[in-house]
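Colleague: Encoded as structure tokens, here's the structure I'll be asking about.
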Amino acid sequence: MADLVIRNADVVDGSGAPAYRADVVVDGGRIVSIVKEAAAAGCQRPGAVRELDAEGLVLAPGFIDMHAHSDLALLRDPDHGAKAAQGVTLEVIGQDGLSYAPVDDRTLGEVRRAIAGWNGPGDDVDFDWRSVGEYLDRLDRGIAVNAAYLIPQGTVRALVVGWEDREATPEELDRMRQSVAEGLEQGAVGLSSGLTYTPGMYAADAELTELCRVVARYGGYYCPHHRSYGAGALRAYEEMVALAREADCALHLAHATMNFGVNKGRAPELLSLLDDALAAGADISLDTYPYTPGSTTLAALLPSWAGEGGPDATLRRLADEARAERIRHDLEVTGSDGCHGVPVEWDTVEISGVTDPALAEYVGRTVEESAALRGEAPWTTARRLLVEDRLGPTILQHVGHEENVRAIMRHRVHTGGSDGILQGAKPHPRAYGTFPHYLGRYVRELGVLSLEECVAHLTSRPAARLRLPDRGLVREGYRADLVLLDPATVAAGSTFDRPRTLPTGIPHVLIDGRFVVEDGRRTDVLAGRSVRRTPV
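Per my numbering, the sequence shown starts with residue 343, numbered consecutively.
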């Protein structure tokens with residue numbers, strides 16, 4: 343007999359087609375039979391060792407988080423309820439051009455410090471890898487959910503060129519090409535970049551194009567956090583589209599938002615740009631999270647010149663009065679490239695986490711609020727935090743627009759990505775709530791998307807971008823990565839006040855046919871593994 347039959351499920355299969363009633367049979371980690379209600383009339387229903395009655399529940403493919411920052415969380419937190427409880431069965435990590443492979447000893451230490459705000463310092467992780475393949479092998483020892491990896495372009499540049507703001511030499515460019523090729527051969531699905539983060543932002547378009555040519559040869563995709571989501575947002579999108587087309591490389595636009603006051607109501611301009619490119623033959627997709635605030639590190643707002651040379655050099659500049667004043671001027675008057683060309687508004691910058699517990703009083707307040715309590719200028723407060731927490735603070739940045747969020751999520755190449763930072767005492771609720779928030783708020787309550795449309799955005803579309811031949815749909819022969827949800831109650835429990843609250847209405851989640859969430863509780867099953875690039 344088969345391992346499991348899920349009876350009486352309303353199957354939303356990920357294709358966008360209408361739901362249908364069926365019994366779904368799982369065996370050996372795959373869907374082996376789907377018996378629709380009409381076909382089963384008068385016939386003996388399939389049996390299995392275990393039966394689960396799904397009356398009143400929707401059965402869907404497991405959700406794919408196209409933009410995750412769980413690079414270390416997957417290793418340190420076997421529970422990983424932040425994602426498993428949402429129905430996420432696959433995360434794409436290595437985002438925004440900075441992660442932990444490929445590295446040498448020097449680069450690993452630099453990267454750990456640079457993105458401690460995203461992932462923690464990693465003191466509780468054994469960094470027993472250096473290459474992309476070794477990192478993926480580490481994931482294969484068993485993790486909560488599956489994970490695919492993007493080669494981080496900023497890390498590659500740090501490894502080969504360093505943290506200097508200069509053009510790579512021809513020899514260095516060759517070494518970067520080789521590093522990207524090796525990572526793809528070892529199973530990475532593409533290349534990410536963080537073009538408002540050092541040192542990736544120091545790469546010119548010509549350098550990025552050459553790396554994307556390598557990605558294209560392996561059938562991967564390029565996932566840029568591009569050069570501006572603020573004053574130069576549309577120009578930055580145009581730049582990435584042109585770059586990818588020049589390299590003949592598939593393009594996936596990370597957290598494709600239109601933020602800050604200069605972009606209020608301008609999502610249709612972005613979508614028109616994408617529609618024109620798609621009509622001309624470009625291969626483009628994007629992801630978003632269903633919230634208006636963004637989240638990053640406080641240090642990310644600094645001008646690029648302040649980050650040249652790495653984290654220690656940044657701290658030296660912050661300690662120097664003259665250079666700190668220049669940083670302040672760039673932030674508050676000019677509009678730094680780290681803050682997307684828009685002068686920072688300290689009342690929109692909320693501290694969400696610190697690495698030093700002694701600084702916990704700042705968490706949950708904007709920089710402006712903390713400065714007022716201390717009777718000092720906001721920059722003085724921000725500078726102190728950066729220095730005392732050694733660039734560790736994370737922030738929420740309240741600069742988004744609801745009409746833009748809704749317009750972009752309707753687009754035919756849209757997918758879901760949490761951009762979830764799991765660090766900090768008060769992280770963005772998107773880390774724990776993105777997928778049920780789509781289903782509860784934007785499907786059931788607002789009707790922005792139908793249930794069938796939304797599930798397709800969260801399953802088959804990202805699976806197609808990742809070139810996964812057996813995931814993203816409820817189909818016979820496909821892997822049994824499945825979610826059972828109650829469409830009447832599914833909702834994000836996480837809020838800005840209580841961001842780590844788990845969702846409701848998702849009682850069961852399976853990976854490879856094994857229950858990772860059962861009756862609303864996380865099991866001890868570690869069914870996740872690395873998902874490696876499928877050769878073209």
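The C-beta atom is built at its ideal place from N, Cα and C for all residues, glycine as well. Note that this is a predicted model, so its numbers are computed, not measured.
Scan the region 596 to 645 and note each continuous alpha helix (DSSP H) run of 4 residues or more that stays entirely inside, going in chain order.
Modeller: 609 to 621
Colleague: Just grab the DSSP bridge partners of C565 for me.
Modeller: In the DSSP assignment, C565 is bridged to S534.
Colleague: Leaving out five residues on either side along the sequence, give the residues of the same chain with a beta carbon under 7 Å from the beta carbon of Q528.
Modeller: S473, V474, G475, L478
Colleague: Cβ of L489 within 9 Å of Cβ of S441?
Modeller: Reading off the sequence, residue 489 comes out as Ala, not Leu. Contact: no.
Colleague: Based on Cα-Cα distance, which residue from L616, A364, A805 lies nearest to R349?
Modeller: A364
Colleague: Report the residue ranges of all beta strand (DSSP E) runs contained in full by the region 343 to 389; include only those spanning at least 3 residues, in chain order.
Modeller: Correct list: 344 to 353, 362 to 369, 372 to 378.
Colleague: When you compare the region 600 to 613 with the region 643 to 657, are there three or more beta-carbon pairs, one atom per stretch, that lie closer than 8 Å?
Modeller: no
Colleague: Spatial neighbours of R519 within its chain, please: CB distance less than 7 Å, with the 5 preceding and 5 following residues excluded, ordered by chain position.
Modeller: Hits under 7 Å: E552, L553, V556.
Colleague: Can you pull the DSSP bridge partners for S678?
Modeller: Bridge partners of S678: none, in fact.
Colleague: Quick check on E818: buried or exposed, where buried means 16 or more other Cβ atoms within 10 Å of its Cβ?
Modeller: By the beta-carbon neighbour count (other beta carbons within 10 angstroms, threshold 16), E818 is exposed.
Colleague: Hey, W460 and T736: beta-carbon distance below 9 Å or not?
Modeller: Yes, the Cβ-Cβ distance between W460 and T736 is below 9 Å.
Colleague: Provide the residue span of the beta strand (DSSP E) that contains E509, from first to last.
Modeller: Note, E509: premise wrong, no beta strand (DSSP E); not H, not E.
Colleague: Work out the CA separation of T638 and E549 for me, nearest whole Å.
Modeller: Cα-Cα distance, rounded: 25 Å.
Colleague: Out of A719, P420, L399, state which residue places its alpha-carbon closest to the alpha-carbon of E667.
Modeller: A719
Colleague: In the DSSP assignment, find the unbroken alpha helix (DSSP H) run with R716 in it and report its ends.
Modeller: Start and end: 709 to 716.
Colleague: Rounded to the nearest angstrom, how far is the Cβ of G429 from that of T630, given a contact under 8 Å?
Modeller: At roughly 18 Å, the Cβ-Cβ gap does not stay under 8 Å, so G429 and T630 are not in contact.
Colleague: In its own chain, which residues sit with a C-beta less than 8 Å from the C-beta of P388, not counting the 5 before and 5 after it?
Modeller: For P388, the CB contacts under 8 Å within the same chain, skipping 5 residues up- and downstream, are A344, V347, D365, V367, S375, V377 in chain order.
Colleague: My assumption, with CB atoms under 8 Å, is that V729 sits in contact with A664. Please give the rounded CB distance.
Modeller: At roughly 16 Å, the Cβ-Cβ gap does not stay under 8 Å, so V729 and A664 are not in contact.
Colleague: Once you ignore the five residues that flank T831 on each side, which residues in its own chain have a CB closer than 7 Å to its CB?
Modeller: T846, G847
Colleague: I'd like the list of long-range same chain contacts for E795, defined as Cβ closer than 7 Å, with 5 residues on each side in sequence excluded.
Modeller: G358
Colleague: Buried or exposed: where does R716 fall if 16 or more other Cβ atoms within 10 Å of its Cβ makes it buried?
Modeller: It is exposed - the Cβ of R716 has fewer than 16 other Cβ atoms within 10 Å.
Colleague: Go ahead and label L533 buried or exposed: buried means 16 or more other beta carbons lie within 10 angstroms of its beta carbon, across all protein chains shown.
Modeller: buried
Colleague: Report the option in R875, A648, N601 whose CA atom is closest to the CA atom of L733.
Modeller: A648
Colleague: Let me check you understand the geometry: is the CB of G436 closer than 8 Å to at least one non-hydrogen atom of the ligand HEM?
Modeller: Ligands in the displayed structure: none, and consequently the ligand HEM is not present.
Colleague: Label L788 either buried or exposed according to how many other C-beta atoms from any shown protein chain fall within 10 Å of its C-beta, with 16 as the threshold for buried.
Modeller: exposed
Colleague: Return the chain-ordered list of same chain residues with a C-beta closer than 6 Å to the C-beta of T538, the five sequence neighbours on each side being excluded.
Modeller: Same-chain partners within the cutoff: G680.
Colleague: Is there contact here, the region 502 to 520 with the region 415 to 424, by at least three beta-carbon pairs under 8 Å?
Modeller: No, the region 502 to 520 is not in contact with the region 415 to 424.
Colleague: With which residues is H756 paired in a DSSP beta bridge?
Modeller: L628
Colleague: Rounded to a whole number of angstroms, what is the C-alpha to C-alpha distance between E379 and R809?
Modeller: 31 Å
Colleague: Pairs of beta-carbons, one from the region 819 to 828 and one from the region 400 to 410, closer than 8 Å: are there three or more?
Modeller: Below 8 Å, enough C-beta pairs join the region 819 to 828 and the region 400 to 410 to call them touching: three or more.
Colleague: Name the one or two DSSP bridge partners that P403 has.
Modeller: L824
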